[in-house]
Amino acid sequence: MTEDKVKEILITRPLLPDFDEFCTELKKIWDSRILTNQGPNHASLEQNLKNHLKVDGLYVYNNATIALLIAIKALDLKGEVIVTPFTFSATVHAIEWCGLTPVFCDIDPETLCIDPSKIENLITPNTCAIMAVHVYGIPCDVKKIQAIADKHNLKIIYDAAHAFGVEIDGVGIGNFGDLSVFSFHATKFFNTAEGGAITYKDKSLKDKLYLLRNFGIKSEEEILLSGINGKMNEFQALLGLKNLEILESEREKRKNIYDLYQSFLGKIEGIKFVISDISSTSYQYFPILIDKVKFGKSRDEVFLKLREHKIFARKYFYPLCSDYECYSELASANPDLLPIAQKSSQEILCLPFHGNLTSDDVRRISNIITS
Ligand SMILES: *Cc1c(COP(=O)(O)O)cnc(C)c1O
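Residues 3 to 373 in the numbering used here are what the sequence shown lists, from first letter to last.
Written out as structure tokens, the structure reads:
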């Protein structure tokens, strides 16, 4: 194959419904002239998502970052928040934007989620909450985290951006902690181009979560809270409704891709699958850890070699949030205190993972890695 004929393979590809079907529905938006402000598609999406995620309380937002800010504000948090450094920047930025201080906690070497056994040492009189991430859709140890929160009277926000549709023993993942925040960004398994949701159990948070989304407006003459514009528009909501219809077939395709990776890379010395059972996650990512000593090549060498072949894997999550310039001065950001997170972020690589990959693509990616 000549250079320009090599097929480019990206880490993911946003799920999209059939274009003509989408246009039929789009016409209804045109006819109604209801473009936003919690219209009919918005209402219908919220109802569908409640069923899908097996939760009683859910609101949608224009993206997960705004939803994280709203979650923090709704819980009225002040002081320090214990958080994993092994996450996307938005998790920690949201804490900072609300005037709170992030306190970084190391992660579990198996799940790569926050390590509950390291949390208690970080608690001070100023600690108000734990912000944990179900990274790659792998559930955090929700029982242990809840026990710590109960003991020390802390709130829990789960960043469930990767965890759409994940369940623990049949219970939707959005039922754990005080609030969970989902992302529907184009790169996520379920997408509305941009979008997000908060799930809640405590009914006393219902009004706040609603008002904060729409400038705190209760009625024309009553503005109750300093809210923000967190509204999802009708186009996004429609895309979400149509994408929900095709989610199951995408999940099946990704299951096959996972099995193919398993057959090609599952027994290679020095390559560890972070996800040992894809069906217990969200089918969002395919992360591996590359042990340089055992495998003979570093994560960065593999990453660059794939890129030479126009295969674009991603180093999620490198660098660690604790190593960003804006946070590295914090005492808890000291790399010596975060050995597992440091090691994981050096070894992690997310390989291309989406339903449009062919078995030849997976074989080609795997061959490049193993040769
Ligand atoms: C994608 C993502 C977000 C942010 O989501 P947006 O909807 O893009 O704002 C937050 N946290 C994690 C872990 C993410 O992966």
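For glycine and all other residues, C-beta sits at the position ideal for the given N, C-alpha and C.
Uninterrupted beta strand (DSSP E) stretches inside the region 12 to 83 (no shorter than 3 residues): Runs found: 59 to 63.
Residue closest to Asp231, alpha-carbon to alpha-carbon, out of Pro42, Asn64, Ile13: Per the sequence presented here, residue 231 reads as Asn, with Asp not at that position. Closest option to Asn231, Cα to Cα, is Asn64.
Ser265: first and last residue of the uninterrupted alpha helix (DSSP H) it sits in: It spans 236 to 267 - the alpha helix (DSSP H) in which Ser265 sits, taken as one unbroken run.
CB-CB length for His164 against Tyr138, believed under 8 Å: Between Tyr138 and His164 the Cβ distance is about 6 Å, and since that is below 8 Å, they are a contact.
Enclosing beta strand (DSSP E) for Asp161 [first to last residue]: It spans 157 to 161 - the beta strand (DSSP E) in which Asp161 sits, taken as one unbroken run.
Beta-ladder partner(s) of Ala134, from DSSP: The partner list for Ala134 (beta bridge, DSSP) reads Tyr160.
For Thr194, three-class secondary structure by DSSP: Coil.
Which of helix, strand or coil DSSP assigns to Tyr212: The three-state reading of DSSP puts Tyr212 in helix, counting H, G and I together.
Continuous beta strand (DSSP E) stretch holding Ile175: start and end: Premise fails: Ile175 is in no beta strand (DSSP E) and is neither H nor E.
Nearest-angstrom Cα separation, counted from Phe288 out to Phe90: If you draw a straight line from the Cα of Phe90 to the Cα of Phe288, it is about 16 Å long.
Three-state secondary structure (DSSP) of Pro104: Of the three classes helix, strand and coil, the one that applies to Pro104 here is strand, per DSSP.
Cβ-heavy atom distance, Phe178 to ligand 1, below 7 Å: In this structure, the C-beta of Phe178 stays at least 7 Å away from each heavy atom of ligand 1.
Classification of Lys306 by the beta-carbon crowding that lies within 10 angstroms, buried from 16 upward: Going by the sequence as given, residue 306 is Leu instead of Lys. Per the 10 Å Cβ criterion, exposed.
Distance CB(Lys244)-CB(Phe24) smaller than 8 Å: In terms of Cβ geometry, Lys244 and Phe24 form a close pair [threshold 8 Å].
From Pro111, Gln286, Glu98, Val105, residue whose alpha carbon lies closest to that of His187: Residue Gln286 is the option with its Cα nearest to His187.
Phe166 Cβ short of 7 Å to ligand 1 heavy atom set: Result no, Cβ not under 7 Å from ligand 1.
Where Glu82 falls, given that 16 or more other Cβ within 10 Å makes a residue buried: Glu82 is buried by the Cβ-count criterion.
Spatial neighbours of Met3 in its chain, beta-carbon cut-off 7 Å, leaving aside the 5 residues before and after: Here the model assigns Met3 a pLDDT of 48, short of 50, so the residue's position is not dependable and the matter cannot be decided.
Sub-8 Å separation of Ala162 and Phe192 beta-carbons: Going by C-beta atoms, Ala162 is not nearer than 8 Å to Phe192.
Check whether Asp180 and Ile158 have beta carbons under 8 Å apart: Asp180 is a Cβ neighbour of Ile158, given a cutoff of 8 Å.
For Leu124, three-class secondary structure by DSSP: It is helical.
Three-state secondary structure (DSSP) of Ala315: The answer is coil: DSSP assigns Ala315 none of H, G, I, E or B.
Buried or exposed (CB count within 10 angstroms, at least 16 for buried), Leu332: Label assigned to Leu332: exposed.
Residues near Phe314 by beta carbon distance below 8 Å, same chain, minus five either side: Its chain contains Glu10, Ile11, Leu12, Ile13, Leu308, Pro354 as the residues whose beta carbon lies nearer than 8 Å to that of Phe314, once the 5 sequence neighbours on both sides are disregarded; these appear in chain order.
Phe192 Cβ short of 7 Å to ligand 1 heavy atom set: Because no heavy atom of ligand 1 lies under 7 Å away, the Cβ of Phe192 does not count as near it: no.
Inter-residue CB distance, Leu114 and Phe88 (contact presumed, cutoff 8 Å): By a beta-carbon distance limit of 8 Å, Leu114 contacts Phe88. Their separation comes to about 6 Å.
For Lys183, the first and last residue of its enclosing beta strand (DSSP E): The sequence as given places Val at residue 183; Lys does not occur at that position. Where Val183 is concerned, the enclosing beta strand (DSSP E) starts and stops at 181 to 185.
Start-to-end residues for the beta strand (DSSP E) that takes in Ser221: Judged by DSSP secondary structure, Ser221 falls within the beta strand (DSSP E) whose first and last residues are 219 to 221.
For Phe305, the first and last residue of its enclosing alpha helix (DSSP H): Looking at the DSSP string, the run of the alpha helix (DSSP H) that includes Phe305 is 301 to 310.
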